[in-house]
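Student:
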Amino acid sequence: MRTMSAEMVKCRGCASEWPLGAHLVCHCPQCHQTFVDEQSATAHLIVNYGGRKPYVRCKTPEAANLVDAGRAYPCWRLRDAPPG
Ligand SMILES: [Zn+2]
Ligand SMILES: [Zn+2]
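The letter at position 12 of the sequence shown is residue 403 when you use my numbering, and the numbering goes up by one with no holes.
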């Protein structure tokens with residue numbers, strides 16, 4: 392019996408989905424990339440404090456030194472972080 396089918400979390404703004412059990416996974420509501428954890432998600436953000444409000448922009452994963460985490464779903468990790 393195949394009862395292991397993981398429940399998936401779906402983004403309302405794009406076609407991305409990732410396992411509900413992957414608690415650390417962060418999905419960016421702005422550029423709709425998925426990251427293995429908060430640290431790698433933070434790495435792709437550029438916060439601009441120049442205006443009245445801090446303004447957050449997204450770098451491309453490549454520009455943020457992120458690499459494909461090689462998971463079953465599209466997901467980025469920091470190049471320097473251990474695989475997992
Ligand atoms: Zn983003
Ligand atoms: Zn999304």
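C-beta atoms are modelled at their ideal positions from N, C-alpha and C, and glycine is treated no differently.
#1: First and last residue of the alpha helix (DSSP H) that includes residue 429?
#2: What is the DSSP secondary structure of residue 439, reduced to helix, strand or coil?
#3: Of all the options 402, 401 and 435, which has the alpha carbon lying nearest to the alpha carbon of residue 469?
#4: Would you call the CB atoms of residue 447 and residue 438 closer than 8 Å?
#5: Just curious, the beta strand (DSSP E) that residue 469 is in, first and last residue?
Tutor: Per the coordinate set shown:
#1: That run of the alpha helix (DSSP H) goes 429 to 434.
#2: Assignment of residue 439 by DSSP, reduced to helix, strand and coil, places it in the strand class.
#3: Ranking 402, 401 and 435 by Cα distance to residue 469 puts 435 first.
#4: Going by C-beta atoms, residue 447 is nearer than 8 Å to residue 438.
#5: Counting along the chain, residue 469 sits inside the beta strand (DSSP E) bounded by residues 467 to 469.
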